[in-house]
Structure formats: structure tokens, C-alpha cells
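Below: the structure, in C-alpha cells.
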Amino acid sequence: MRQKTKNQHKNKFLGLDSTFFTADIARERKYLFENIALMVAGGLSIADVLDSLQRELKSTKIKNMVGRMYEDVLSGEPFWKALQKTKLLSDHLLSIIRIGEQSGRLSENLQIVVEQKERDADFRNKVRSASLYPGIVTALMVIVTLGIGIFILPQLAKIYENIGVELPTITKIMIAIGNFMAEYGFILGPVIMIALIGIIFLLFVYKGTKFLGQLILLRTPVIGRLLKEVEISRLGFLLGTLLEAGIPLNEGLKLLQESTSLNNYEKLYKQWVDSIESGYSFQETFQKVKLTQKLIPIYPRQAIITGEKTTSLGKSLLNIGKVYKKKNENTAKDLSVLLEPVLLILVWLGVSAIAFAVILPIYSLVGNINELSDPQQSQTKAPTSENVSNFNAIRDSEVADNSTGELKIISTSADVFDAINGSVVNVVNNGDIYNYIDTQSGWYLIEISNKQPVWIQADNVEIL
Numbered sequence: 001m002r003q004k005t006k007n008q009h010k011n012k013f014l015g016l017d018s019t020f021f022t023a024d025i026a027r028e029r030k031y032l033f034e035n036i037a038l039m040v041a042g043g044l045s046i047a048d049v050l051d052s053l054q055r056e057l058k059s060t061k062i063k064n065m066v067g068r069m070y071e072d073v074l075s076g077e078p079f080w081k082a083l084q085k086t087k088l089l090s091d092h093l094l095s096i097i098r099i100g101e102q103s104g105r106l107s108e109n110l111q112i113v114v115e116q117k118e119r120d121a122d123f124r125n126k127v128r129s130a131s132l133y134p135g136i137v138t139a140l141m142v143i144v145t146l147g148i149g150i151f152i153l154p155q156l157a158k159i160y161e162n163i164g165v166e167l168p169t170i171t172k173i174m175i176a177i178g179n180f181m182a183e184y185g186f187i188l189g190p191v192i193m194i195a196l197i198g199i200i201f202l203l204f205v206y207k208g209t210k211f212l213g214q215l216i217l218l219r220t221p222v223i224g225r226l227l228k229e230v231e232i233s234r235l236g237f238l239l240g241t242l243l244e245a246g247i248p249l250n251e252g253l254k255l256l257q258e259s260t261s262l263n264n265y266e267k268l269y270k271q272w273v274d275s276i277e278s279g280y281s282f283q284e285t286f287q288k289v290k291l292t293q294k295l296i297p298i299y300p301r302q303a304i305i306t307g308e309k310t311t312s313l314g315k316s317l318l319n320i321g322k323v324y325k326k327k328n329e330n331t332a333k334d335l336s337v338l339l340e341p342v343l344l345i346l347v348w349l350g351v352s353a354i355a356f357a358v359i360l361p362i363y364s365l366v367g368n369i370n371e372l373s374d375p376q377q378s379q380t381k382a383p384t385s386e387n388v389s390n391f392n393a394i395r396d397s398e399v400a401d402n403s404t405g406e407l408k409i410i411s412t413s414a415d416v417f418d419a420i421n422g423s424v425v426n427v428v429n430n431g432d433i434y435n436y437i438d439t440q441s442g443w444y445l446i447e448i449s450n451k452q453p454v455w456i457q458a459d460n461v462e463i464l
């Protein structure tokens, strides 16, 4: 009964039991247990309650489960055993119902189960709400970035390449990512998805390794504090309610141990059980079990010690539950507030990268168009002093090797000098191919159709 099954470990995440209030039949399950508790408290037998409820339930699945429970109860089985076969509840909650049925407090213990599941569902909803907005924003940013990289930038790249515009590094990176995803995305996408699911399974579901994921979360700012506050709230509410319902302390601690899936707290509660059953008080137990100081803050420890001394331990634990429920609500809000600026920074970085990748080449393109549309301005541009002095040196030189061949222009801003008057002209374009008829000191004399030959520096050409 106390052994946790594999299915129950699979259905737990962050210490919450996901076998309850999930899927389309969640409301039916909630309705079922609330009404069982209400009708049993009203004096009806469990058989009459089940017979009545199976007539009202709408979900075929739940109705069949209730029908089987009704038949088992009529045949003489205890209610908790009939309920165990349906797997609607985890072992520690079944233990609460078993103890309640055996002690004649079934309705009270059923109410404990309902309240505990409502607290778990409430926390799960808070975590889901806090993570929904960041998840949507991040997913949209990734989709938009990949869309631009796959569909838009490659088309622009072809235009820029034809015109001879040099692409900035950020644009080249995004185009490379886009081309890679376009070619291998149908393989990489499923691989990444499977890998993420595998990592999540290993870190948060699989019993042998999920302690690693819990360790990461517990050491993460805000998230770790939230998980600790939720666990202490569970400790207060569950153990306090069990003690107030008349369940012995050692039994309550064992149920508390079964109710958590946080590995460190499970170890802590196990050591508490061993110490209490050995006859030690809570004060002695806290001093003896060193893990207590690490996982339980001083306020809950002092409240438990005081409650034990004043024979009001149940009430003290319930107060702890209320205090830490308020704390984890505030921490959940802090988590949302903390994530907002982080998201804004990520979105800003993503938008900036996209903007630079798209806009920077456009500026270069506009500059090239202006040069092409204003040849007079291009012809009268001032050459660099270094190029002028180099050109004057080769013009005055009488040494020539009379080499000939073919070359390609590989620059968009080369200084080209008229071979006759030495003026700077703009008669060549990036990618043009010409014959050269002379070379001198790193300069090439090229032939231009219907124009005077011009000199161009070797850095601006590629010999074919």
C-alpha cells in the first residue's frame, strides 16, 4: 500500500499528482469526491452514495468506475479497496481514506482528500499561468526569426549578390541558419523535440534521475523558493488536518512522506518518522536530523516545537500552512514580475538582430544605387592620398613587364585612374571582367570598351 507505483511516479511533476483534475473528465472527478464526502457526512451508506452518483455522472469512463466500485462494495469489499482498483487517487490519499473508513471518520477524511487536491490544482494553475506568457512570447520569437531566416533573407541575399552588395556578418549568420533549417529542419525539428521530451522525462519524471531536475529547480532563484514554500504549505495543511482528524502523528508523517515527490523532502520526512517512532520529540528530532535546518526555515520549526509542547500541534501546523500558502502566492507573482524584464530583453535582442540583418544590407544597396544613378558624382570623387601617390609613382615609372591576361573586379569602391590624365573615374562595377594589357608595381592597366585604358590596384581585382 505504501509502495509508490511506476504510474504514480510518471504522473507526478514538481510534487503534484496529475491523476486528478486532468483531461476532459476533471470536473466529473471533482464532483464525484465532493459529493461522496457530502453524502457520507449526511448519513448515507457508501453503497447508496455510489448507486446515486452513477446515475448522475455524465462521463462514461467515470460512471463505469463508480459502477464497479458499487458492485465491489455490495460484495463486501471496503470502499478504499474498491477505490484503489480505479487508480483515481494515489497511494497516500488512499491511505487517508482507508484510515478514515477504519476509524469511522470517512467523510472527514474524504474532505481532506478533496482539499488537498484543490490546493495542488491551485498551485498547478498558478505555475501554468506564470509560464504561459513567457512560453508564447519565446515560441513566437523563435518562429518569426526562423521564418525570416528561411523565407525572406535568402531571397534578399540573391538580390544583394547580383548587385554586388557585401552582406554584414549578422545577415550571413541568419541566412546560414535559415538555409540549414530549410534543408535539415524536417529532421532536426523532430530530433530537438524528442531530445527535449527525453530531457524533461529524465529530469522530472524518471524515478532514478528526477532528483537531478529537482536539485536544479531548488537551486534556481525564485523557483527554488517557490517549491520550498509550496512543500512547507503542504506539510502544514496535510499533517495538521490529519492530526486534527485524529490520525496518529507517526501515521500522519508516513502519509506526508508518501505525498511528496521532492526527493530531499521525502528523505527528510523518512528520518522524522524514524526519530518520532524511536520516542524523540520534534525538538530533539530537529537537532538530530541535520537536513531539517537546510529544508525547513526557523519559523515553521519553532511553531512545530511550540505546538508540540502546548498540545496544539495540529492547529500550529494549520497556521504554518496558511502562512506559507500566502507566501507561495506572493512568490508566484514575483516569478511573473521577474520574467517580464527578462522576456523584454530577449525580445529586444531578437528584434535587433532581425532588424540589423535586414536593414544593414539595404543601406549598402541604397548606396550602390545612388552611385549608379549619379555617375558625374562618382567620376569627381576624391581618391585617397595613398592611391594617388601610388598611381603617380607607376605613371612616372618607365618599367613595364607588358603582361596581359583577364581579371575580375571584386570591389565596389575601387579608385580607378584614367591612364592619360590621371583623373579618378568610375567606369567599372563589381563582378565585371576585363582584359589587362600591362602591370606595374601592383597595378593593372585594363581595357574599357570605347574608353581610354584605366589603371586599377591589384587589391581590387582577381586574376582569372
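Going left to right, the sequence shown walks through residues 1 to 464 as full-length UniProt numbering numbers them.
Glycine included, every Cβ here is placed at the ideal spot set by N, Cα and C.
Helix, strand or coil at residue i [DSSP, three-state]
i           : result
Gln452      : coil
Thr404      : coil
Leu445      : strand
Asp120      : helix
Glu166      : coil
residue 512 : What the structure shows of the chain is the stretch from 1 to 464, and residue 512 is not part of that stretch, so it cannot be assessed.
Thr138      : helix
Val428      : coil
Asp415      : coil
Ile410      : coil
Thr19       : Below a pLDDT of 50, predicted positions are generally treated as unreliable, and Thr19, at 41, falls in that range; the measurement from the model is reported next regardless. Three-state DSSP puts Thr19 in coil, outside helix and strand.
Ser378      : The pLDDT assigned to Ser378 is 43, lower than 50, so where the model puts this residue is not dependable; a value taken from the coordinates is nonetheless given after this. In the structure shown, Ser378 sits in a helix (DSSP, three-state: H, G or I).
Ile437      : strand
Environment of residue i [buried if 16+ CB atoms lie within 10 Å]
i      : result
Met193 : exposed
Ile362 : exposed
Tyr299 : exposed
Asn125 : exposed
Phe186 : exposed
Arg29  : buried
Val230 : buried
Leu268 : buried
Val113 : buried
Ala37  : buried
Asp459 : exposed
Val191 : exposed
Gly252 : buried
Val351 : exposed
Thr60  : exposed
Gln116 : buried
Val425 : buried
Asn250 : exposed
Lys228 : buried
Contact belief for residue i with residue j at Cβ below 8 Å, rounded distance in angstroms
i      : j      : result
Val66  : Leu89  : Going by Cβ atoms, the distance from Val66 to Leu89 rounds to 14 Å, so no, they are not a contact pair.
Leu74  : Ala41  : No, Leu74 and Ala41 are not in contact; Cβ-Cβ is about 22 Å, not under 8 Å.
Ile437 : Leu464 : No, Ile437 and Leu464 are not in contact; Cβ-Cβ is about 15 Å, not under 8 Å.
Leu318 : Gly198 : The pair is not a contact, with the Cβ atoms about 41 Å apart (cut-off 8 Å).
Ile456 : Ile446 : 6 Å
Glu119 : Phe237 : The sequence given here places Arg at residue 119; Glu does not occur at that position. So it is a contact: roughly 6 Å between Cβ atoms.
Ile97  : Leu110 : 7 Å
Lys290 : Ser275 : No, Lys290 and Ser275 are not in contact; Cβ-Cβ is about 12 Å, not under 8 Å.
Ile175 : Ala157 : 5 Å
Contact check, residue i vs residue j, beta carbons under 8 Å
i      : j      : result
Glu108 : Pro78  : no
Gly189 : Pro154 : no
Lys325 : Ser233 : yes
Leu255 : Leu243 : no
Leu313 : Ile304 : yes
Leu226 : Thr331 : yes
Phe286 : Ile170 : no
Val347 : Met141 : yes
Ser411 : Asn430 : yes
Gly246 : Arg128 : no
Pro134 : Leu407 : no
Met181 : Gly213 : no
Leu53  : Asn64  : no
Val416 : Val461 : no
Leu217 : Gly208 : no
Gln84  : Leu93  : no
Tyr315 : Gly321 : Residue 315 is actually Lys in this sequence, not Tyr. Not in contact: Lys315 and Gly321 (Cβ atoms no closer than 8 Å).
Check: residue i C-beta below 7 Å from any heavy atom of the ligand NAD
i      : result
Arg128 : Absent from the structure shown: the ligand NAD. Ligands present: none.
Test: residue i CB closer than 8 Å to a CB of chain C
i     : result
Thr86 : Looking for chain C here will not work: only one protein chain is present.
Within the stretch 173-233, ranges of the alpha helix (DSSP H) (whole runs, at least 4 residues)
210-218
Just list the alpha helix (DSSP H) runs in the UniProt domain "Type II secretion system protein GspF" (238-361), keeping only unbroken ones of 4 residues or longer that don't cross its boundaries, in chain order.
240-244, 249-259, 263-277, 282-288, 291-295 and 298-309
Could you pull out every unbroken alpha helix (DSSP H) segment of at least 4 residues lying fully inside the UniProt domain "Type II secretion system protein GspF" (34-154), listed in chain order?
46-56, 60-74, 79-86, 91-103 and 106-147
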